[in-house]
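Number 219 in my numbering belongs to position 223 of the sequence shown; there are no gaps in the numbering.
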Amino acid sequence: MGSSLTRAAQWTTASSGTGKLEFTPMNRFLLKEILHFVEQFSSQHPQEAEHVFEEPLHWSTTLVVSDFKTDYDISDSDVQSHEKDYEGHPLLQLSPPTVYVRSFSQLSKLVHLADDKKLEEIQACLEENKDPVVKILGPSFVSTLEKEDAHTDVLRLVDKVKEKDQGKDPEVKVKLFLLLQNMDNQLISKCLKEIAGQVSLDPTAVKNEVELLKKFCSEGEKRVLKLVRYTSDYIFSNGCRSPLWRQMHGEICYLVIEPCDTETLYITCSTAGVFLNGGIKHEEEESGYEQTSDMYKDLVTLLKSRSPHFTENINMQDFAVEELPSTQKIQHVELVDVEEQGQPQRSYEQQEKNVHEEARQQHRPNKAGHEKKYELCPRWRNFALLSSCGKAEENKPSKSSREKKSGEIQENLVPGAKSKIKAEFSVSSFPGRLSSQKIKAEEKKASKSSGEQKSGEIQKRELGSEAKSKMKAELSVSSFPGPLSSQKIKTPAGSMPMEAFSESSSESEEEEEQPERRPESNTDLPEYWQIQKLVKYLKGGNQTATVLTLCAMMDFNLMQETCQLAIRDVGGLEVLINLLDTDEVKCKIGSLKILRKISHNVQIRRAIVYMGGLQSIVKILDSPVKDIKALAAETIANVARFRRARRTVRQYGGIKKLVKLLDCVPNLAKLTANQEKDVEVARCGALALWSCSKSTKNKEAIRKAGGIPLLGRLLKSPHENMLIPVVGTLQECASEESYRSAIQTEGMIKDLVKNLSSNNDELQMHCASAIFKCAEDKQTRDLVRKYRGLQPLVLLLSKSDNKQLLAAATGAIWKCSISMENVAKFQEHHALETLVCLLTDQPEEILVNVVGALGEFAMIPANKANIRNCGGIKSLVNLLTGTNQALLVNVTKAVGACATDMDNMAIIDQLDGVRLVWSLLTNPSADVQSSAAWALCPCIKNAKDAGEMVRSLVGGLELIVNLLKSTNNEVLASICSAIAKIAKDKENLAVLTDHGVVPLLAKLTNTTDDRLRRHLAEAIGHCCMWGSNRASFGDSGAVGPLVRYLKSKDEAVHQSTAMALYQLSHNPNNCITMHEKGVVKPLILFMGSDDETLQEFAAGCVRNIRLLAQANRNARLYR
């Protein structure tokens, strides 16, 4: 573990003495070998395993106190081994989260306890103990032996050690040193073999293998795979499909493969091999590139390790898998990192300095049926990413400027305008979105060129004498084959520190990336050419001509996609954005009116952001002209519908500016013309905040800017067009606790309830949605009832055609019905009957809310019969076969609540509902498992012949016992509760015992969770009533931890624990353990409790202990 860690292991820093182990196949291989050595050490070398280390190995462990068993002294916050060294130090000590280990025997035991986290423990140990051999044997001992020749006799080594080291057992230390040294040499040897055997892949090999796998996706009995597809359809000239910045890591492409028998696999193919990633489903994904599995040499090997069905069938069918080209060793790999070539990788800025305005190939439409290929732009050629084919193409002479006039843009700006002349950075070769690339804009002076002009250069004509030009880099979006989602563009002027790219994890991209649709027929439409002419006038005309041209453009139907894309394709979008920086108010208004309309198009609004136009629009919000502020805010509302735009608005101070726009007086009876403009500005500001509020960081920014009270004031407006964006913003922000509290304290619940009775469906929907999110709090539920909002919610259920409104209304009813007072009010308006009718033919989003509400309604006994009479039991049981996890959680809760009624239970049993609930215990979701287990408790309790019903479920009891290995406390508590009910039947208890329920329950007793303690003690108490289970619990160390339960503040824990201790006290050895742990004193206190059940169990336990003591005393007296 010395040389192998310094030479073979791969660390995060240049020195192996610092940093962490990287997540690489080589490190995984080393960790597995070291783990195997540690696990086998105690059995193969027992004498050396007992040797006490000179210094303890210590690290931050993932183990907790409850993971340790009877071989240790366990307290609430500390664990110590029974074995100690000659100075009295325990050989293993856990003081969470740090563990100290002083021998290999204890290290082996700890690794065994770690179970599925063994590798994590070994890795943490090695990272925090950089030279473990020195700590194990001591520095002087190691230095003495390292000076000796490798062939020195062992006895001579022992004598040498005795001369310099007077410590104990020199022979054992020498043997231990030799064992560690031998293991170290073996590790290095194996690593060399592993490296020599690695297979390199190239794009051609991967493509051939994928094509072969696609043939396995045929229908019928011989079907091996369901689906094999790439995440991207775009291919670079070097054959790769991964984004350029990922190609620098050696990644070739990403695949989605659906086997017939396992979950979908998301795979990365790289030059080093193939592995599972974090879940890249589409090319626009911005995360999920991390490696989540071992590295495999090819796709077939990976699939064999994951899919038994694939392994079985690929061997049965006549597939020439052995001939796959991916298994060939590749001598030359085209995707090479710069640093691997022996050249230091330069910074991105240094790379850009050497980039000249070179020719860029324009994107040409491909013929139907042919795959698209894209060339790398010169900026990426410097990263040595091109294949030999690509390099050959790079050397081809470029065409003359006469042949490539389509790439030139001539601009003559309006005199007096502060124009931004932007040097073009062509991204026509980028295949869709290039995730997380930093594209830094370059400021370059315009220069005239004689001779040939390269493709993509911009010729600048002479500017007017008053024109103050701003030179900015241009992203020519007219040639984008798809939106570029996550590139970071830094503006050269007024640059500011950029925040982290990622938004909140809860935020989802509500717009799907749409492929660019540019039908060839568009250029033949008269509107297309007319708009092109108008854009030319915009570029070359004076101020008056510019205003007239903008008015003429407004006459077109700018909501039509053809017109929108025509403006963009002929360079009109750049001019419109430039006009925002002029001093002419009319030009700004005309430009914003056009941008406001065309920004409804997904591609247009993304292009606006990539060109830096959103920063200019945010800047305009400070304008003293109210019309301009309103138009700018409304344009932001359209543009800020994707994450990057929302982030840009926040980073450039747009949130504060938008919040300031909300300051007006909207509820006056009569408004002056100026006040009406203020109200319109506030409405547009609310629209913009609504779009921006889909980001968690923006929600916090709105709150800090003082937006909540202003939104509360606007909520009192009588105008629906004002209320919709205001309530929309509030309901979006209500997902945050701070907003829910503010909505309640600012008195907004009353206004939300009032607007539930509006005639506008959209307004009603947003109000109901806001109540849905806020009604988690009891005070909010009480306010909704106080302001008579329950009846309007029930009336909304009649609008079943509007699914969004129905989902919001049912959600609000569900959360409000958590309070039983509200349930009683709902029943006055016959809400239950209406909800039962909605259990069929509705989307899952609505069903989740409806079933959740019925689960709360069923808490009242009378409603259980009403649900049965309305036919709700059958509908609920039918929903148990679904796959939506949120729905399954609510359905099982509702079925469990209904099962407390004997008549309902009979129907559930008749419909085979118990078997369906039991089958949900196999669901991968812990929430579904726990909810299903809780539902089983009343089913077992109220079933006519519960014991026989449970036994009829094949494998059911084994499944229940296996779930005791779960790490989720809620699952464990529910399973323990179910076991307590099952164990009341003797035959079922016998089966549970055979499946090993006793040691599993005993292992859980060190928990500190009171909810789990209560049901665990109850399960132990009922399981004591079979055979020798009482003694087995004592042998498993369950008695001592149970005594500690009596210190809990939960009275329910006291009762179940007293019952368990009473049952255990029938065994003499358990009585002795209880007495040693001090159980008598708390039990005597409980004997005075008001709870008669607790009194009886406490008294019974004390009686049994006393009888044992009396019998022992009599035996001594009469011996």
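Cβ atoms here follow ideal geometry from the backbone N, Cα and C, with glycine treated the same way.
The model shown is predicted, which means the values in this text are computed figures rather than measured ones.
Contacting residues, own chain, Cβ-Cβ under 7 Å from residue i (five flanking each side not counted)
i: Glu869; result: Note on identity: in this sequence residue 869 is Ile, with Glu being the wrong assignment. Closer than 7 Å at the Cβ level, and outside the excluded window around Ile869, lie Ile863, Cys894, Asn900, Ile903, Ile904.
i: Thr1069; result: Gly1030, Val1035, Gly1036
Status (buried if at least 16 other CB within 10 Å, exposed otherwise) for residue i
i: Asn818; result: buried
i: Lys769; result: buried
i: Leu706; result: buried
i: Tyr82; result: exposed
i: Val581; result: exposed
i: Thr1089; result: exposed
i: Lys700; result: exposed
i: Leu848; result: In the sequence as displayed, the identity of residue 848 is Gly instead of Leu. It is buried - the Cβ of Gly848 has at least 16 other Cβ atoms within 10 Å.
i: His108; result: exposed
i: Met550; result: exposed
i: Leu953; result: buried
i: Val723; result: buried
i: Asn1063; result: buried
i: Gly447; result: With a pLDDT of 38 at Gly447, under the threshold of 50, the modelled position of this residue cannot be trusted; read the value that follows with caution. Answer is exposed; the Cβ neighbour count stays below 16.
i: Arg679; result: buried
i: Arg602; result: buried
Nonlocal neighbours in the same chain, by C-beta distance under 6 Å from residue i, ignoring five residues either side
i: Glu829; result: Cys866
i: Leu917; result: Gln925, Ala928, Leu955
i: Gly708; result: Glu742, Met744
i: Gly269; result: Met291, Tyr292, Lys293
i: Val910; result: Cys935
i: Glu966; result: Ser926
i: Leu546; result: Gly586
i: Leu554; result: Lys593, Ile594
i: Cys812; result: Ala771, Arg777, Val780, Asn818
i: Gln1091; result: Met1083, Ser1085
i: Gly284; result: Asn273, Gly274, Gly275, Ile276
i: Val566; result: Gln528, Val531
Paired residues, beta bridge with residue i - DSSP
i: His54; result: Tyr96
i: Gln89; result: Gln76, Tyr96
i: Leu251; result: Tyr226, Ile263
i: Tyr68; result: Ser77
i: Phe853; result: In DSSP, Phe853 forms no bridge with anything.
i: Phe271; result: Thr264
i: Gln287; result: Asn273
i: Tyr292; result: Val270
i: Leu221; result: Pro255
9 Å Cβ cutoff, residue i in contact with chain D
i: Val48; result: Among the chains of the structure shown, chain D does not appear; only one protein chain is present.
Nonlocal neighbours in the same chain, by C-beta distance under 8 Å from residue i, ignoring five residues either side
i: Asn178; result: none
i: Val1098; result: Val1076, Leu1079, Ile1080, Met1083
i: Glu983; result: Gly943, Arg947
i: Leu1008; result: Asn965, Leu968, Ala969, Cys972, Leu1000
i: Leu31; result: Val107, Lys114, Leu115, Ile118
Residue i beta carbon near the ligand FAD (any heavy atom closer than 8 Å)
i: Leu88; result: Inclusion of the ligand FAD in the displayed structure is not the case, the ligand content being empty and no account of it being possible.
Would you check if the region 731 to 742 and the region 751 to 759 touch, i.e. whether three or more CB-CB distances between them fall below 8 Å?
no
Answer yes if the region 627 to 646 comes into contact with the region 678 to 690, meaning at least three C-beta pairs across the two stretches below 8 Å, and no otherwise.
yes
Does the count of Cβ pairs from the region 66 to 75 and the region 110 to 124 closer than 8 Å reach three?
no
Check whether the region 603 to 623 touches the region 577 to 587, taking contact to mean three or more Cβ pairs, one atom from each stretch, closer than 8 Å.
yes
Entirely enclosed alpha helix (DSSP H) segments - the region 634 to 680, minimum 4 residues
639 to 647, 650 to 657
Please list the segments of the alpha helix (DSSP H) lying wholly inside the region 556 to 611, counting only runs of 4 or more residues, in order along the chain.
557 to 565, 568 to 575, 581 to 594, 598 to 606
Would the region 799 to 818 and the region 842 to 850 be scored as touching if the rule is three or more Cβ pairs under 8 Å?
yes
Do the region 1023 to 1030 and the region 49 to 60 make contact, defined as three or more Cβ pairs closer than 8 Å?
no
Mind the definition here: the region 197 to 204 touches the region 254 to 271 only if three or more C-beta pairs lie below 8 Å; say whether that holds.
yes
For a minimum of 4 consecutive residues, which ranges assigned as the alpha helix (DSSP H) are wholly contained in the region 1049 to 1084?
1064 to 1072, 1076 to 1082
For a minimum of 4 consecutive residues, which ranges assigned as the alpha helix (DSSP H) are wholly contained in the region 953 to 1032?
965 to 978, 982 to 990, 993 to 999, 1006 to 1019, 1025 to 1031
Length at least 4, wholly inside the region 703 to 744: the alpha helix (DSSP H) runs in chain order
703 to 710, 716 to 729, 733 to 741
The region 1035 to 1046 / the region 1064 to 1073 touching (three or more Cβ pairs under 8 Å)
yes
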